[in-house]
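Enquirer: The numbering used here applies: residue 193 is where the sequence shown begins, and numbers increase by one. Supplied in structure tokens, the structure appears directly below.
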Amino acid sequence: MAVVGANNILTDIHAHQSCFPFLNIEIVQNFIDESEEAILIEEIDKQTWVLSQSGRRKQDYGPKVNFKRQKVQLGNFTGLPAYSKFLITRYNERIKDHTSLHPEFLPVELCNLEYKSDRGACIVPHYDDSWLWGDRLVTVNLCGSTYLTFTLPTDDVVDGVKHEFQRIHSCIPSVSRGTFCVRVPLDRRSLVVVSGPARYIWQHEIRRSDIPTRRIAMTFRELSNIFSSKSYNMTDEQIFGRKLMKIASTYSGLM
193 MAVVGANNIL TDIHAHQSCF PFLNIEIVQN FIDESEEAIL IEEIDKQTWV LSQSGRRKQD
253 YGPKVNFKRQ KVQLGNFTGL PAYSKFLITR YNERIKDHTS LHPEFLPVEL CNLEYKSDRG
313 ACIVPHYDDS WLWGDRLVTV NLCGSTYLTF TLPTDDVVDG VKHEFQRIHS CIPSVSRGTF
373 CVRVPLDRRS LVVVSGPARY IWQHEIRRSD IPTRRIAMTF RELSNIFSSK SYNMTDEQIF
433 GRKLMKIAST YSGLM
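Here it is in structure tokens:
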């Protein structure tokens, strides 16, 4: 995927895997075929797009959340949309075939994001929430290809940043933290899973310059351990999480 060239950009990950493994990125090329992609785009575009930040438009299927206050409600959530069910079934079949992968993926949220160059669409470097959302961020790419760019923050805002940079520097001594990035190509109709260090230590972004054509990202999220249900002595969060999973799994969601 990558080689360090101008501006300390890692563009060929495999060239450095022996000394700098970029951890916890899984890419499945051609996860869907052209006809499946066309059906998904048609179903998505039947629903209303809502203007979001940085030139994006979005469709949300999930609970109503205030991340700053750590408050969550069911709101008007009626489940994940029916058109998305086969994607989750297929991904879980892949998990069964690869015993080294995570347990069954049980998403409770789908966010469709539309990127178009004429709106200057992008998403700035950020961490996804880890209070409500679990380890895996699973995205299916429609319409166009792009790059998912990973960077380390200049300050040690989360545990592990300093160690990650030391790993890079031991392999590529010329790098500096503020300019180094890893660019992961996301081809059309591919699936990408971001977890572990790539999710919690590295920030990720989609740059304006990497949106040449329309792109739709279907991102599914699972529950964190705080909300994952147990069979006994459940907390209020776990009781809520069980309700949320039950609704999500109906696949009868409406906007």
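Yeah, the Cβ is synthetic: ideal placement off N, Cα and C, and Gly gets one too. If you're wondering where the values come from, they're calculated on a predicted model, not measured in any experiment.
1) With C-beta atoms as the reference, is Glu306 less than 7 Å away from Ile408?
2) At a threshold of 6 Å, does Leu243 count as lining the ligand PLP (C-beta to nearest heavy atom)?
3) Take Leu266 and list the residues in its own chain whose beta-carbon comes closer than 6 Å to its own, dropping the five residues that flank it on each side.
4) Measure the beta-carbon distance from Leu378 to Val384 and round it to whole angstroms, keeping in mind my assumption that it falls under 8 Å.
5) When burial is assigned at 16 or more other CB atoms within 10 Å of the CB, is Tyr253 buried or exposed?
6) In chain order, what residues of the same chain lie with their CB nearer than 8 Å to the CB of His361, ignoring the 5 residues before and after it?
7) Out of Trp323, Pro317, Asp327, which one is the CA nearest neighbour of Asn258?
8) Tell whether a beta-carbon distance below 7 Å holds between Leu302 and Phe223.
9) For Ser210, collect the residues of the same chain with a Cβ closer than 6 Å to its Cβ; drop the 5 residues on either side in sequence, then sort them by chain order.
10) Suppose the cutoff is 6 Å on Cβ atoms and the five residues either side in sequence are ignored; what does the same chain contact list for Ile418 look like?
11) Round the Cβ separation of Phe214 and Val374 to the nearest angstrom and send it over; I've been treating them as touching at under 8 Å.
12) Please say whether Asn304 and Ile236 have beta carbons closer to each other than 7 Å?
13) Since Pro389 is in the beta strand (DSSP E), which residue starts that stretch and which ends it?
14) Keeping to the same chain, check which residues put their C-beta closer than 7 Å to that of Arg434; ignore five residues upstream and five downstream.
15) Quick one: Cα of Arg264 to Cα of Cys363, how far?
16) Counting pairs of Cβ atoms below 8 Å between the stretch 388-403 and the stretch 275-294, do you hit three or more?
17) Which residue's Cα is closest to the Cα of Lys277: Arg261, Leu232, Ser423, Ser337?
18) Starting from the Cα of Asp347, find the closest Cα among Met447, Arg369, Cys335, Gln358 and give me that residue.
Expert: Per the coordinate set shown:
1) yes
2) Ligands in the displayed structure: none, and consequently the ligand PLP is not present.
3) Pro255
4) 6 Å
5) buried
6) Val367
7) Trp323
8) no
9) Low local confidence applies: a pLDDT of 48 at Ser210 is under 50, so the model's placement there is unreliable, and no value is given.
10) Glu429
11) 6 Å
12) yes
13) From DSSP, Pro389 is part of no beta strand (DSSP E) but of the alpha helix (DSSP H) over 388-392.
14) Ser421
15) Looking at the sequence itself, residue 264 is Val, so the reference to Arg does not match. If I take the Cα positions, the gap works out to 43 Å.
16) no
17) Leu232
18) Arg369
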